[in-house]
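Each number in this note's numbering comes from the position in the sequence shown (counting from 1) with 350 added on.
Take a look at the structure below.
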Amino acid sequence: MATAGKIDVAPLAPFDPISEPTSLSQRWKVWKRRFETYVVAVNVKDNAQKRALLLYQAGEATQEIFDTLSETGEDNDYKTAIEKLDEYFSPKKNVDYEIFQFRQAKQNADEPTDQFATRLRKLAAHCEFHDVDHEIKSAIIQNCRSKHLRRYALWQDKVTLTELLSKARTLENSEQQAKGIEERLASTNIQDEEANFVNPPRSNGQQRRQHCRNCGLSWPHRDAPCPAKGQTCRKCNKQNHYVRVCRSSVPSTRNPINTRPRPIRPDNNQHNIQQVGYQEDHYSNSPSSSSDDEHLYTCVDSKSTKMPSTKVQINNVHVKMIIDTGASINIIDENTFANINKYKRISLKRTRTKLFAYGSKQQLPVIGTFEATIETKKRVTVSTIHVVRGNYGSLLSYQTATELNLIKVNVNNVKVTGNDKIEQCHDSLKDKMDKKFPHLFHGIGKLHNFEAKLHIDSSVPPVAQPARRIPFHLRRKVSAALKQLEKDDIIEKVEGPTPWISPLVVIPKNDGTVHLCVDMRRANCAIQRERHPCPTVDDLIHAMNGAKVFSKLDLRSGYHQLLLAEESRYITTFVTHKGLRRYKRLNFGTNSASELFQKVIHDQIHDIPGAINISDDVIIYGKSQQEHDTALHNVCQRFTKVGLTLNNEKCQFSQTKLTFFGMVFSAEGISADPHKVSAIKNASPPSSVKDVRSFLGMATYCAKFIPNFSHLREPLRKLTMKSAQFRWTRCEQTAFDNIKNALTSDTVMAYFDQTKPTELITDASPWGLSAILAQNSTQHDDRRIVAYVSRSLSEVERKYSQTEREALAIVWAMERLQIYLRGGKFTLYTDCKPIELILGNPKSKPLHA
């Protein structure tokens, strides 16, 4: 937008207030400075025009935020508008926290000192330092990666920040120059001429001297590295030495010198990268030792092989990439990077990674790397991407493709034939059930001869809540959902006055429809619960002992299959934009619905062996295919008789493994759900107390499969205390890693069997108690773990002596596992000798009454 006679200036890119919230304030300041420059360039001076131009150039997302702000001034008040946006995007800083962030900053690998100083200056902007340059200089001295720079700063009497940065540039340039010289010396003609000749004859006049054990030349090599560095011996195929000095007894497999194959020359045309291999670069005087040299990657140019490709989004930009299961890095070319970085928000980092076309010694030009968000329609991950100069195409690594669920590798399913048979059995059984019970898998059923009655406390005063306005874009979908519920005889219109009214809650679903819920919190205050018991996971594990075949049946809209008594319907009344409605069936949100539904379904199948229900999920199990099929047939026949229906899409038939309640049930035992294990193992280190609680919550859910969990989590648990200050040190990182390493999906717990000998193994540490419940096979002398349990000690319990803690562990473990131990015989194991003498002596008396 430029006035006549003025220069034509391209419009600004819109401001993005959503992505990268941690840098929101800084990005807003940069955008605002560019906008002020833009206003001057287009010669706009009128405040009304400047305000309108500000909101237009900032973009739709920023304008929506601006509309929510209060006291934004009149349409010609540009100053107030910019101040309000400043307040929103640049909230008041906590000086102490900003100083903490500044002190924690450390120089990253391959980050130039100048960039580190710039980053420190940005962090110091809100620290209110009296001498910013002095603080930055101190931070560089303490947290830089160069020991030479640190020694220089400490050696000098008084060095300024400018002098320190100048010295850093000199050191970094010298290091790069020296590295270039060393690489050129390492790749001289010596390696081509001397590389793989076997013991050339020495002249009679040659003097005796020392030779390098890796290349066979004179040693030492003066200032140049050994030319054998990175070379592969053609006799033993190991690296970092030549054939002439090879000490391996393996016969040489090299070609004769005159018939040595010529290296494949790289094609001058553009290459399509389709594979990336991983190879470590070892270099040492000892053939078996490894070094910290950079990794060498090899790119395979294969135009004849058609590799699988997919479209992903990198930082919200669509990119077509080739999937390579042999690749360990992600690659894009510079054209693709330019498309992703069209707003110049991404700065590349230098890298020592080397890329080569297959059969070529010519290194592909790597521009740099950057961290990016890569996502598909269902998954998202963050990974490092390498940018290559030229038009080489884009390649997705194995790890990233796995995280995005684009490829699946199951190393456990080796017997393909067996899996095919199981899949065929599943499909045939599913079709068989559908044909034999045609009405079982269609529509929403209704349990015959039953009405659910809600017990309502008449002393609680009724509450008629106002309607929650439904957005206009959702009203058509809500109307369609209400119409369908009325058609299915689940709700009905309300005529006349009603004492109880609850609001409707609309939840959009992924398939474009909406899910309707009623906020029953106020009405639940008057509904009395019936308190029917629900089976626990332990009950399920005990019942399924010895089972080898499983099925899971899902009741379609389970609660809606129970008719609600006429006298109980008035309390379910809810308000919509179409008027008042109430439920004719049991509805979700009622506090007594889950236990009432559990009891009703249990009453229908309790007499069928091999069937157990938890809420609307019915588990069918059997020790053989025939036993399982009999139980499945009986349950389906019973449901058809009483009018209940199933959701065929969610049912699983004839499975050897069944995932339920975050665990995998199989003939071998119980293991953790691989998805939950993956979520814990891929978790990033916490950055706040909230993140610690979240991680411990996930890990506690799988604590059954983690031995000595309370001891492992203790350093993290201390961070969640009210008086604790969040400090992530090596101790917390070690505990974090130990929990992740202790959890594995390969851990399989045994089913509890009353007929097998039972053992209880207890232990106590200064921080917690732990116990293991195990059983020995009657036929084999192998011990199978049934359960791991543990808990932390209280502050008072930590003051106990070790003997008292061991005794407490025994008592607590027996109480915690009493459902397995009480009424039967078991053997108790402890590693505390005094406890063995005290508890093993029938004449000993307890210390406490």
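Beta carbons: idealized from backbone N, C-alpha and C, even for Gly.
*Considering only residues of the same chain and omitting the five flanking positions on each side of Lys949, which have a CB-CB separation below 8 Å?*
Glu880, His882
message: If the criterion is Cβ atoms closer than 8 Å, does the pair Lys843 and Arg931 meet it?
response: yes
Item to check | Through-space distance from Gly409 to Asn691, alpha-carbon basis | outcome: 18 Å
- Query: Can you tell which of Arg695, Arg401, Gln457, Pro849 has its C-alpha closest to the C-alpha of Ser369?
  - Reply: Arg695
Taking Cβ positions, are Ala993 and Glu1064 nearer each other than 8 Å? The question names Ala, yet the displayed sequence has Gly at residue 993. No, the pair does not count as a contact, with Cβ atoms beyond the cut-off.
Fill in: Near the ligand MG: Pro858 beta-carbon under 7 Å from a heavy atom
For the structure depicted, the ligand MG is absent and the ligand set is empty, with no information on it obtainable.
Quiz item: If you drop the 5 nearest sequence neighbours on each side, which residues of the same chain put their C-beta closer than 7 Å to that of Pro885?
Solution: Ile962, Ile964
ask   = How many Å lie between Thr1180 and Thr1112 at the Cα?
value = 6 Å
Taking only three categories from DSSP, how would you classify Ser852? strand
request  = With Gln663 as the anchor, note down where its beta strand (DSSP E) starts and where it stops.
outcome  = 659-664
Could you compute how far the alpha carbon of Ala688 sits from the alpha carbon of Arg519?
29 Å
### Query
Ordered along the chain, which non-local residues of its own chain (more than five positions away) have a Cβ less than 6 Å from that of Glu544?
Only weak support is given to the placement of Glu544: the predicted model assigns it a pLDDT of 38, under 50, and the question is left unresolved by the model.
Which residue's Cα is closest to the Cα of Asn741: His956, Phe1015, Asn685?
Asn685
Check your understanding: Buried or exposed: which applies to Gly566, given that a residue is buried once 16 or more other Cβ atoms fall within 10 Å of its Cβ?
Key -> buried
Checklist line | Per DSSP, the bridge partner or partners of Arg1015 | finding: Note that residue 1015 corresponds to Phe in the displayed sequence, not to Arg. Phe1015 is bridged to Leu1008, Ile1020.
Requested in this report: Leaving aside the five residues before and after Ile1030 along the sequence, list all residues of the same chain whose C-beta is less than 8 Å from its C-beta, in chain order.
Outcome: Phe1045, Met1048, Ala1049, Cys1052, Ile1089, Lys1090, Leu1093
Taking the C-alpha atoms as reference points, what is the distance between Asn941 and Thr731? 38 Å
Worksheet item: What first and last residue would you give for the beta strand (DSSP E) that runs through Arg1141?
Response: 1133-1142
- Query: Using the beta-carbon count (16 or more within 10 Å), is Gln954 buried or exposed?
  - Reply: buried
- Task: Measure the alpha-carbon distance for Ile432 versus Ala467 and round it to whole angstroms.
- Result: 30 Å
**Request:** Grab me the residues of His789's own chain with a C-beta within less than 7 Å of its C-beta, minus the 5 sequence neighbours each way, in chain order.
**Result:** Thr990
| query | Can you check whether the CB of Phe924 is closer than 8 Å to the CB of Ser852? | reply | yes
Reducing DSSP to helix, strand and coil, say where Ala1100 ends up. coil
task: Could you pull the start and end residues of the beta strand (DSSP E) that Glu725 belongs to?
output: 716-725
Report task. Would you kindly report the start and end of the unbroken beta strand (DSSP E) that includes Arg500? Result -> Taken as a continuous stretch (DSSP letters only), Arg500 belongs to no beta strand (DSSP E), being part of the alpha helix (DSSP H) at 497-505.
Answer with yes or no whether the minimum CB distance from Arg377 to chain E is below 8 Å. Absent from the structure: chain E. Only one protein chain is present.
Residue of Met1071, Leu912, Phe938, Gly908 minimising C-alpha distance to Thr922: Phe938
*With a cut-off of 8 Å on the beta carbons, I'd call Arg919 and Lys898 a contact; round off their distance for me.*
About 46 Å separates the two Cβ atoms, so there is no contact after all.
Minimum C-alpha distance to Tyr438 - residue among Lys456, Asp417, Phe452, Gln454 | Asp417
What are the residues that DSSP puts in a beta bridge with Gly929?
Thr926
State buried or exposed for Phe720, treating a residue as buried only when at least 16 other CB atoms are found within 10 Å of its CB. buried
Query raised in the report: Using CA coordinates, which residue listed in Val716, Leu698, Glu1154 is at the minimum distance from Ala722?
Result: Leu698
For Leu1178, I'd like the list of residues in its chain whose CB is within less than 6 Å of its CB, leaving aside the five on either flank, ordered along the chain.
Leu1110
### Task
With a cut-off of 8 Å on the beta carbons, I'd call Asp966 and Asp904 a contact; round off their distance for me.
7 Å
My output table needs one value for Phe1055: the three-state DSSP class, helix, strand or coil.
helix
Discussion item. For Ser1144 and Ile1160, I'd like the C-alpha separation in whole angstroms.
Written reply: 16 Å
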